[in-house]
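A.B. asks:
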Amino acid sequence: MSGHAVGPGRPWPMGASFTGDGVNFAVFSAHAEMIELCLFSPDGRKELARLPIRERDGDIWHIHVGGLTLGTVYGFRAHGPYAPEQGHRFNPHKLLLDPYARALEGRLKWSDAVMGYKIGSPRGDLSYDTRDSAFAVPKAVVTDPSFSWGNDQAPRTPRSDTVIYEAHVKGLTALHPGIDKQLRGTYLGLCSDPVIEHLHRLGVTAIELMPVQAFVDDRFLVAKGLRNYWGYNTLAFFAPEPRYMSKGALWEFQTMVRRFHAAGIEVILDVVYNHTAEGDEWGPTLSFRGLDNASYYRLAGGGRHYVNDAGTGNTLNLTHPMVLRMVMDSLRYWVEVAHVDGFRFDLATALGREAHGFDPNGGFFDAIRQDPTLSRVKLIAEPWDIGPGGYQLGGYPHPFHEWNDKFRDGLRRFWKGDAGMTRDLAARLLGSAERFDHSGKAATSSINFITSHDGFTLDDLVSFTIKRNFANGEDNRDGHSENHSDNLGVEGPTADRKVQAARALRKRNLLATLMIAQGVPMLLMGDEIGHGQGGNNNAYAQDNEVSWIDWTKPDTALLAFVGRLSALRKALPVLRQRRFLHARQRPADQTPDVIWRRANGTVPQSEEWHDPSFRCLCVELRMAAKGGDPSREAVFAVFNAGPATALHLPDTAPRWELVLDTTRPDLTSGPVVTEAPAQSVLLFRALTGTPKGDHA
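Note that the working numbering gives residue 514 to position 527 of the sequence shown, counting from 1, and the numbers run on in steps of one.
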């Protein structure tokens, strides 16, 4: 290393920073006895030097190496006790990825050498392996995150106007004939004109990307010839996943965000801070485990074993200030450097679990809510994990949205014909207020969805009653068994026209209900054009045509219908309110903001809500009484999961215009009808004029 001057450097910023005359490195470890900086050739194959880091500021180890430039490839080795029963797993034979790595060189090559213990030893994970793992693990690369953003402006779409589209970078683009072949499956392909035009047709305002922070393929999947397609196995929280790049540089991701912003579309990232790719005590030593196992992870059983609230082997310890700092630094990096507009937190209960259990005022929530950068972006929680007290729907503090599985299951069961679901449907239509209307939260707190990446697609939901996950290699044991699905008479694909028509109608009913309900609607990529996965409801390992969207035979009629639904929602503010509706009288006209009705026009009584034959629910909606909005806008919606029935329109408006009938999907407007067709959703808009019974 002649020619490189080694100096003390500084303890900030964390990770590797180019200083103009060299590179500063800073890494955290509270329990290491020594840390070495390892420098590699540009291809990462040859270790050129090991430099002991002699400076320590608290628990931050730091060094400055003069003469190093952008593109420098590096890793760390940490010396300390190998005492798994006390929680320590230091092993300097294992090269460690910088937790703050901004870019990666090389991919993980599964080998026994990446294990800190000897595979096959009778002492198990208490044994100690001395093989060098450098050849098998990805290294960090010193990068320059600067980018010419030009006049980039975040859309900042109001929560009430947001329509989310959950997508996978590769799955959405791998088979798209309109995208350049070299760009399919990449960030640049995702932001191409054909995709943006498609999202505009749908009325989408935000694209929510499944994990794009660098992740690894699990060893058991690689052994089966499979890959971790979904990506919920993060290794590097600051680095974009390389497999979605064509040139391997951050500017590709930044270009994607800039193009989406120019199209008025926000970018939300699905992030996994509840666990890492290192797994349990039998997993590899790749980064955090080797740098400071006892600090980075929540340990149990004296320290040898890991708390497994995520169901993946380990749980990050966000109660440790330096681990929490890493997560906060990572979130700010994606907002400030990559300009993303929000995050969806996978298994978010794990992030808020303190020593005494889940705490909505815990350290993570306090940190993110007070942060001037992060508190202004969209924050979405998946409000559960498998740990104690893991189900916390409605328990997250403002300004968090939450994925609402009660909405998903309630709508599925209502339209499937399960008895007694009408009362539940009413709650879902009003934004699940029983869960979310507290602590000043808004009616937009609920992320409403029928399908997501996890479970059946919409087409499979109406085509299969039993999951078919055999391709995953787990004998169909994986994935949910309780899907509340219905094949409408035939299991799987069919040429029966009647069954096909029934399935198409069921889809329209589900989607229409989604778009009429209060809250923020989320669509799953491909649902709008009839994408199916052959009944696989857990396609996490299917990086192939099972999961990739087939654009060759799109259901154009359904696509057009979804676009119409989005347009209706946008045109009718009463469908997308910030305030909850509670059937209170509006000061402007003394009319309740919600009036429930039966098809015959009567208001259902208490006992009728529990009547299993009550299958046709009608509702009048107006702007919330609490908001004091004097608007006379009103809609009347009909949800009929039963047979055709006579329909009485309310006399609270002079005239009602039919603007949606799922049995006639091409209808744009129509005259008054006197019947609610079987299995239908109808939506009427009150025409302007002085309503009958006006007391204003």
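Ideal placement from N, C-alpha and C gives every residue a C-beta, glycine not left out.
Values in this document were obtained by computation on a predicted structure and should not be read as measured data.
Could you tell me which uninterrupted beta strand (DSSP E) segments, each at least 3 residues in length, are contained entirely in the region 33 to 94, listed from first to last along the chain?
C.D. replies: Runs of the beta strand (DSSP E) inside the region 33 to 94: 34 to 40, 42 to 44, 47 to 53, 60 to 66.
A.B. asks: To the nearest whole angstrom, what separates the beta carbons of Ala673 and Glu620, a pair I think is in contact under 8 Å?
C.D. replies: Within the sequence shown, the letter at position 686 stands for residue 673. Within the sequence shown, the letter at position 633 stands for residue 620. 7 Å between Cβ atoms; contact.
A.B. asks: Counting Cβ pairs closer than 8 Å, one from the region 470 to 486 and one from the region 543 to 560, do we hit at least three?
C.D. replies: No, they do not touch.
A.B. asks: How close, in whole Å, do the beta carbons of Leu366 and Arg422 come, if the pair is a contact with beta carbons under 8 Å?
C.D. replies: Position 379 of the sequence shown, counted from the first residue, corresponds to residue 366. Position 435 of the sequence shown, counted from the first residue, corresponds to residue 422. Not a contact, Cβ separation roughly 17 Å.
A.B. asks: Buried or exposed, going by whether 16 or more other CB atoms sit within 10 Å of the CB of Arg276?
C.D. replies: Translated into the one-based positions of the sequence shown, residue 276 becomes position 289. Arg276 should be labelled buried.
A.B. asks: Cβ of Gly517 within 7 Å of Cβ of Asp542?
C.D. replies: For the purposes of this step, residue 517 is identified with residue 530 of the sequence shown, where counting begins at 1. For the purposes of this step, residue 542 is identified with residue 555 of the sequence shown, where counting begins at 1. Yes, the pair counts as a contact, with Cβ atoms nearer than the cut-off.
A.B. asks: What residues in its chain sit with their C-beta under 7 Å from that of Arg291, if we drop five residues either side in the sequence?
C.D. replies: Here residue 291 refers to the residue found at position 304 of the sequence shown. Around Arg291: Pro71, Glu72, Glu268.
A.B. asks: I think Ser147 touches Thr431, with their Cβ atoms under 8 Å apart; what is that distance to the nearest whole Å?
C.D. replies: Position 160 of the sequence shown, counting from 1, holds the residue named residue 147. Position 444 of the sequence shown, counting from 1, holds the residue named residue 431. Right, their Cβ atoms sit about 5 Å apart.
A.B. asks: Would you list, in sequence order, the uninterrupted alpha helix (DSSP H) runs of no fewer than 4 residues that lie entirely inside the region 430 to 463?
C.D. replies: 445 to 448, all fully within the region 430 to 463.
A.B. asks: In chain order, what residues of the same chain lie with their CB nearer than 6 Å to the CB of Val625, ignoring the 5 residues before and after it?
C.D. replies: In the sequence shown, the residue the question calls residue 625 occupies position 638. Correct list, in chain order: Cys605, Ala663, Leu669.
A.B. asks: Which runs of the alpha helix (DSSP H) at least 4 residues long sit entirely within the region 140 to 206? Give them in chain order.
C.D. replies: The qualifying runs are 156 to 160, 174 to 177, 180 to 189.
A.B. asks: Whole angstroms is fine: what's the gap from Asp346's alpha carbon to Arg340's?
C.D. replies: Residue numbering aside, residue 346 sits at position 359 when the sequence shown is read from its first letter. Residue numbering aside, residue 340 sits at position 353 when the sequence shown is read from its first letter. Approximately 6 Å between the Cα atoms of the pair.
A.B. asks: Here's the rule I'm using: 16 or more other beta-carbon atoms within 10 Å means buried, otherwise exposed. How should Pro145 be labelled?
C.D. replies: Translated into positions along the sequence shown, residue 145 becomes position 158. Exposed: under 16 other Cβ atoms inside 10 Å.
A.B. asks: For Ala88, which of Ala489, Asp131, Asp139, Lys393 has the nearest alpha-carbon?
C.D. replies: One-based indexing of the sequence shown puts residue 88 at position 101. Nearest of Ala489, Asp131, Asp139, Lys393 to Ala88, Cα basis: Asp131.
A.B. asks: Inspect the beta-carbon positions of Ser433 and Gly506 and report whether they are closer than 7 Å.
C.D. replies: As a working mapping, residue 433 is identified with position 446 in the sequence shown. As a working mapping, residue 506 is identified with position 519 in the sequence shown. Cβ atoms of Ser433 and Gly506: closer than 7 Å.
A.B. asks: Answer with buried or exposed for Lys126, where buried requires no fewer than 16 other C-beta atoms within 10 angstroms of its C-beta.
C.D. replies: The residue you call residue 126 lines up with position 139 of the sequence shown. Buried, by the Cβ-count rule.
A.B. asks: Can you tell which of Gly466, Leu562, Val590, Met408 has its C-alpha closest to the C-alpha of Asp598?
C.D. replies: Residue numbering aside, residue 598 sits at position 611 when the sequence shown is read from its first letter. Of the candidates Gly466, Leu562, Val590, Met408, the one whose C-alpha sits nearest the C-alpha of Asp598 is Met408.
A.B. asks: Rounded to the nearest angstrom, what separates Val486 and Asp653 at their Cα positions?
C.D. replies: Indexing the sequence shown from 1 puts residue 486 at position 499. Indexing the sequence shown from 1 puts residue 653 at position 666. Their backbone Cα atoms lie some 20 Å apart in a straight line.
A.B. asks: So, helix, strand or coil for Tyr293, using DSSP?
C.D. replies: For this step, residue 293 is matched to residue 306 along the sequence shown. Note: Tyr293 maps to strand in three-state DSSP.
A.B. asks: Does DSSP put His682 in a helix, in a strand, or in coil?
C.D. replies: Walking along the sequence shown from the start, residue 682 turns up at place 695. With a pLDDT of only 32 at His682, under 50, the local geometry of the prediction cannot be trusted, and the value read off the model is given with reservation. Reduced to three states, the DSSP call for His682 is coil.
A.B. asks: With a CB to CB cut of under 8 Å and the five nearest residues on each side skipped, what residues in its chain are close to Leu398?
C.D. replies: By one-based count along the sequence shown, residue 398 stands at place 411. Closer than 8 Å at the Cβ level, and outside the excluded window around Leu398, lie Leu412, Arg415, Ile437, Leu497, Thr500, Leu501.
A.B. asks: Quick one: residues in its chain with C-beta nearer than 6 Å to the C-beta of Phe685, no 5 flanking neighbours on either side, listed in chain order?
C.D. replies: What the structure shows of the chain is the stretch from -12 to 683, and residue 685 is not part of that stretch, so it cannot be assessed.
A.B. asks: Assign His467 to one of three DSSP states: helix, strand, or coil.
C.D. replies: Within the sequence shown, numbered from 1, the residue matching residue 467 stands at position 480. Here His467 sits in coil by DSSP.
A.B. asks: Candidates Pro386, Asn470, Ala65: which alpha carbon is nearest Asp405's?
C.D. replies: By one-based count along the sequence shown, residue 405 stands at place 418. The candidate whose alpha carbon is nearest that of Asp405 is Asn470.
A.B. asks: If you drop the 5 nearest sequence neighbours on each side, which residues of the same chain put their C-beta closer than 6 Å to that of Phe224?
C.D. replies: In the sequence shown, counting from the first residue as 1, residue 224 sits at position 237. Gln200, Ser317.
A.B. asks: Pop quiz: Arg245 and Asp139 are said to be a contact at Cβ under 8 Å. What is the actual Cβ separation, rounded to whole angstroms?
C.D. replies: As a position in the sequence shown, residue 245 is number 258, starting the count at 1. As a position in the sequence shown, residue 139 is number 152, starting the count at 1. Right, the Cβ-Cβ distance comes to about 5 Å (below 8 Å), so this counts as a contact.
A.B. asks: Could you check which residue in Asn261, Gly418, Asn524 has the C-alpha nearest to that of Phe567?
C.D. replies: Sequence index remark: in the sequence shown, residue 567 carries index 580 (1-based). If we check each option's Cα against that of Phe567, Gly418 comes out closest.
A.B. asks: Since Ser439 contacts Leu511 with CB under 8 Å, what's their CB separation in whole angstroms?
C.D. replies: As a first step, residue 439 is located in the sequence shown; it is residue number 452 there, counting from the start. As a first step, residue 511 is located in the sequence shown; it is residue number 524 there, counting from the start. At roughly 6 Å, the Cβ-Cβ gap stays under 8 Å, so Ser439 and Leu511 are in contact.
A.B. asks: For a test of the three-state rule: what should DSSP assign to Glu620, helix, strand or coil?
C.D. replies: For the purposes of this step, residue 620 is taken as the residue at position 633 of the sequence shown. Residue state, collapsed to three classes: coil.
A.B. asks: Specify the secondary structure class of Lys126 as computed by DSSP and reduced to three states.
C.D. replies: Looking up residue 126 in the sequence shown gives position 139. The answer is strand: DSSP assigns Lys126 an E or B state.
A.B. asks: Quick one: which unbroken beta strand (DSSP E) runs of 3-plus residues sit fully inside the region 488 to 561? Chain order, please.
C.D. replies: Whole beta strand (DSSP E) segments, 3+ residues: 507 to 511.
A.B. asks: Please work out which residues of its chain come closer than 7 Å, Cβ to Cβ, to Met21, disregarding the five sequence neighbours upstream and downstream, and give them in chain order.
C.D. replies: Taking the sequence shown and counting its residues from 1, one reaches residue 21 at position 34. So the list reads Pro39, His66, once near-sequence residues are dropped.
A.B. asks: Check whether the region 164 to 172 touches the region 186 to 201, counting contact only when three or more Cβ pairs, one atom from each stretch, lie closer than 8 Å.
C.D. replies: Short answer: they don't touch.
A.B. asks: Kindly list the residues whose CB is nearer than 6 Å to the CB of Gly476, restricted to its own chain and excluding five residues on each side of it in sequence; keep chain order.
C.D. replies: One-based indexing of the sequence shown puts residue 476 at position 489. Excluding sequence neighbours, Gly476 sits near Val486.
A.B. asks: Within its chain, find whatever has a CB closer than 7 Å to the CB of Gly680; leave out the 5 residues flanking it on each side and keep chain order.
C.D. replies: Position 693 of the sequence shown, counting from 1, holds the residue named residue 680. Per-residue confidence for Gly680 stands at a pLDDT of 41, beneath the threshold of 50, marking its modelled position as unreliable; no derived number is given.
A.B. asks: Report the three-state DSSP secondary structure of Thr242 (helix, strand or coil).
C.D. replies: Locating residue 242 in the sequence shown gives position 255, counting from the first residue. It is helical.
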